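**Q** Going by our numbering, the sequence shown opens with residue 815, and the numbers climb by one from there. Where a beta carbon is used, it is the ideal one built from N, C-alpha and C, also for glycine. Since the structure is predicted, the reported quantities are computational estimates derived from the model, not experimental observations. Please read through the structure below; I'll follow up with questions.
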Amino acid sequence: MPDVEYTFSKLCDPGRLRSEIQSSTIITALSYIETASSPVSTSVWFKASLSGGDETTLDGIIDDHTNTPLPQDVVSTMQTLPFSSKKIGSLSLFNRTHGANFSLSQGANNSLDFEITYDQVKFNGVEIVNGDFGDTANLKVVDTDGDPIPAYYEADLVLNQFGFNVNVHPDVYTKESKYDADLYKGMRIRIDYTSTSAKTIYVNYLLHELK
């Protein structure tokens, strides 16, 4: 049975709205949520049609909804406190998760860079919030100016690629590797993002400083 769509002329935060629906009395399983900015709309897809009572509940949730991310989804740039004393040789690992937001245009011309500001980090993964079905991403690491890595590297030279046309899941997409990559100050994590629409996405970078 195909999913059933309910559309509203209001822009909602997908993560918050998903939480509000899942904690409500609506018993039909939620499938996914899509948003658009032109014209403004939010489409909520369920696994089956809602009952009359559940439709009324959904209308109330939308009316009361505030278009702001939940605290765990807020990704303004931040530095977290150390969480671990794990050792690698004589050095310790410290959690340094960072967040950033990017305004996207429709199409493939979105090159999103995040520069490493620590001397050395272990890079474990990324989270992308507010993606849509059909969005894809390539994940790369590029050099900046050759410092501190050898000067014969050119600026913007691709040093490694970790993701190839990865399909981004709507709402929240997480990719975490069981092994890490070593990155150094001045390198940039680059996401070449192909978007199905003009929108803002939010990215968390899962890093651990080594010092």
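Helix, strand or coil: how does DSSP classify SER803 here?
**A** Nothing about residue 803 can be reported from this structure: the residues present for the chain run from 815 to 1025 only.
**Q** Consult DSSP for THR1014 and reduce its assignment to one of helix, strand or coil.
**A** Taking the sequence shown and counting its residues from 1, the one referred to as residue 1014 is at position 200. It is a strand residue.
**Q** Whether or not the region 999 to 1013 and the region 918 to 925 are in contact is what I'm after, with contact meaning three or more pairs of Cβ atoms, one per stretch, closer than 8 Å; do they touch?
**A** Yes, the region 918 to 925 touches the region 999 to 1013.
**Q** Our contact map puts TYR998 next to ASP949 with C-beta atoms below 8 Å; I'd like the distance itself, whole angstroms only.
**A** Taking the sequence shown and counting its residues from 1, one reaches residue 998 at position 184. Taking the sequence shown and counting its residues from 1, one reaches residue 949 at position 135. Incorrect: roughly 29 Å between the Cβ atoms, too far for contact.
**Q** Would you decide whether GLY829 is buried or exposed? Buried here means 16 or more other CB atoms lie within 10 Å of its CB.
**A** In the sequence shown, residue 829 corresponds to position 15, counting from 1. Counting Cβ neighbours within 10 Å, GLY829 comes out buried, since at least 16 surround it.
**Q** Quick one: Cα of ASN881 to Cα of ASP827, how far?
**A** The sequence position of residue 881 within the sequence shown is 67, counting from 1. The sequence position of residue 827 within the sequence shown is 13, counting from 1. For ASN881 and ASP827, the distance between alpha carbons rounds to 5 Å.
**Q** What does the alpha-carbon distance come out to for the pair GLY939 and ALA995?
**A** Counting from one through the sequence shown, the residue named residue 939 turns up at place 125. Counting from one through the sequence shown, the residue named residue 995 turns up at place 181. So the two alpha carbons sit approximately 9 Å from each other.
**Q** Sorted by chain position, which residues of the same chain lie with C-beta nearer than 7 Å to PHE822's C-beta, five sequence neighbours on each side aside?
**A** Along the sequence shown, one-based indexing puts residue 822 at 8. Excluding sequence neighbours, PHE822 sits near SER855, THR856, ILE876.
**Q** State the CB to CB distance for the pair ASN944 and LYS1013, rounded to an integer number of angstroms; the pair is presumed to be in contact (CB under 8 Å).
**A** Taking the sequence shown and counting its residues from 1, the one referred to as residue 944 is at position 130. Taking the sequence shown and counting its residues from 1, the one referred to as residue 1013 is at position 199. About 6 Å separates the two Cβ atoms, so the contact holds.
**Q** Check whether the Cβ atoms of THR849 and LYS861 sit closer than 8 Å, and answer yes or no.
**A** Indexing the sequence shown from 1 puts residue 849 at position 35. Indexing the sequence shown from 1 puts residue 861 at position 47. Cβ distance not < 8 Å, so THR849 and LYS861 don't count as in contact.
**Q** Closest by CA to ASN1018, which one among GLU941, ILE840, LEU872?
**A** Along the sequence shown, one-based indexing puts residue 1018 at 204. Here the closest residue by C-alpha is GLU941.
**Q** Whose C-alpha, out of ASP927, ARG832, ASP817, is nearest the C-alpha of LEU884?
**A** Counting from 1 along the sequence shown, the entry for residue 884 is found at position 70. Of ASP927, ARG832, ASP817, the residue nearest in Cα terms is ARG832.
**Q** Looking only at its own chain, which residues have a Cβ that is under 7 Å from the Cβ of SER1011, when we skip the five neighbours before and after it?
**A** Within the sequence shown, numbered from 1, the residue matching residue 1011 stands at position 197. The answer, listed in chain order, is ALA850, GLN920, ASP946.
**Q** Please state whether DSSP places ARG910 in a helix, a strand or coil.
**A** What you label residue 910 is simply residue 96 of the sequence shown in a count that begins at 1. The answer is coil: DSSP assigns ARG910 none of H, G, I, E or B.
**Q** Identify which residue in MET1001, LYS824, ILE847, VAL858 has its Cα closest to the Cα of ASP957.
**A** Residue mapping note: residue 957 aligns to position 143 of the sequence shown, counting from 1. The residue with the shortest Cα to Cα distance from ASP957 is MET1001.
**Q** Given that a residue counts as buried once 16 or more other Cβ atoms are within 10 Å of its Cβ, and exposed if not, what is PHE908?
**A** Mapped onto the sequence shown, residue 908 falls at position 94. Looking at its Cβ environment, which holds 16 or more other Cβ atoms inside 10 Å, PHE908 is buried.
**Q** Mapping DSSP to helix, strand and coil, what is GLN920?
**A** As a working mapping, residue 920 is identified with position 106 in the sequence shown. Three-state DSSP puts GLN920 in coil, outside helix and strand.
**Q** Are the Cβ atoms of ARG910 and HIS1022 separated by less than 8 Å?
**A** Position 96 of the sequence shown, counting from 1, holds the residue named residue 910. Position 208 of the sequence shown, counting from 1, holds the residue named residue 1022. The answer is yes: Cβ separation under 8 Å.
**Q** So what's ILE1003 in DSSP terms, helix, strand or just coil?
**A** On the sequence shown, position 189 is the one that residue 1003 refers to. Looking at ILE1003 - three-state DSSP - the assignment turns out to be strand.
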